[in-house]
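Participant: In the numbering used here, the protein residues as written are 1326 to 1422. Could you have a look at this structure, given as C-alpha cells, before my questions?
Right, here's the structure in full:
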C-alpha cells in the first residue's frame, strides 16, 4: 500500500509540475484530484495496484482509449481516458515504466 501511495504522490507531483490544476478558482479540487480518483477507479475495476497498472500500462492505455474498455474511458467527462493517458505519459517521461 505504501508503494501505491508513493506512486500516486509522484504522479500528482508530476502533474503539478506540468501545470495541471490543483484547485479551481473557487478552491474546489480540480484536474489533479480528478485524474487521481479516476486512476484509482481504474485500479479498482481491474483489481490491480498502481504498481501492477504501471507494469501493464501499454495494454491498459490501449484498452481504455480505443480498445475493449473505451466505453469506460469516456465516463466522467472523459477523465478516465485522460487520467490513464496522463499516467502513461508520466511513466514514459519519468522512465518509471
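Heads up, the beta-carbon is just placed ideally off N, CA and C, and yes, glycines get one too.
Let me know the secondary structure DSSP gives residue 1349 once reduced to three states.
Facilitator: By one-based count along the chain shown, residue 1349 stands at place 24. Correct three-state label for residue 1349: coil.
Participant: Are the stretch 1409 to 1419 and the stretch 1336 to 1345 in contact at 8 Å, needing three or more beta carbon pairs?
Facilitator: As far as the Cβ criterion goes, the stretch 1409 to 1419 touches the stretch 1336 to 1345, which means the pair count is three or higher.
Participant: Quick one: what's got a C-beta closer than 8 Å to residue 1378's C-beta in the same chain, skipping five residues either side?
Facilitator: Mapped onto the chain shown, residue 1378 falls at position 53. Closer than 8 Å at the Cβ level, and outside the excluded window around residue 1378, lie 1364, 1367, 1368, 1371, 1385, 1412.
Participant: Return the CA-CA distance between residue 1404 and residue 1332, expressed in angstroms with no decimal places.
Facilitator: Residue mapping note: residue 1404 aligns to position 79 of the chain shown, counting from 1. Residue mapping note: residue 1332 aligns to position 7 of the chain shown, counting from 1. Cα to Cα, the separation comes out at about 19 Å.
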